[in-house]
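These notes are about the structure you will find just below.
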Amino acid sequence: MSETFDRKKIIWTCRRGMLELDVILIPFAEQHFEHLSDEDKQLFVELLEQADPDLFNWIMGYGMPVEAKWHSLIEHIRKVMKVS
1238 MSETFDRKKI IWTCRRGMLE LDVILIPFAE QHFEHLSDED KQLFVELLEQ
1288 ADPDLFNWIM GYGMPVEAKW HSLIEHIRKV MKVS
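In short: position in the sequence shown from 1, add 1237, done, that's our numbering.
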């Protein structure tokens, strides 16, 4: 069963107030969210619930979350948004 996600709400949630995250998360949500599987969409929504310093570290490649379920999604974000 396909889950319905509120695209506008997700994009709004990507506005973190931390420029480094905003310039990655907002374009990712606008350009790539709709192409994710329903499972990855749900993981992205859960990822957005995490603290800004953690998200920053993970997306910039300074570490990975303890929960392995987000690893491939974070790597995908880093790849498509060309975060090195």
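Glycine included, C-beta positions come from ideal geometry on N, C-alpha and C.
Own chain partners of residue i with C-beta closer than 6 Å, once the 5 adjacent residues on each side are dropped
i: F1242; result: K1278
i: E1312; result: none
i: E1283; result: none
CB of residue i within 8 Å of CB of residue j, strictly
i: V1323; j: I1261; result: Nothing about residue 1323 can be reported from this structure: the residues present for the chain run from 1238 to 1321 only.
i: F1322; j: L1310; result: No statement about residue 1322 is possible, as the shown extent of the chain runs from 1238 to 1321 and does not include it.
i: I1296; j: E1267; result: no
Secondary structure of residue i, DSSP reduced to three states
i: A1288; result: coil
i: M1301; result: coil
Cβ neighbours of residue i in the same chain (closer than 7 Å, five flanking residues each side left out)
i: M1238; result: In this prediction, M1238 scores a pLDDT of 45, lower than 50, which makes its location untrustworthy; the coordinate-derived value is nonetheless stated afterwards. Closer than 7 Å at the Cβ level, and outside the excluded window around M1238, lies no residue.
| query | Quick one: any contact between the stretch 1246-1259 and the stretch 1300-1308, if contact means 3 or more CB pairs under 8 Å? | reply | Because the criterion of three Cβ pairs below 8 Å is not met, the stretch 1246-1259 and the stretch 1300-1308 do not touch.
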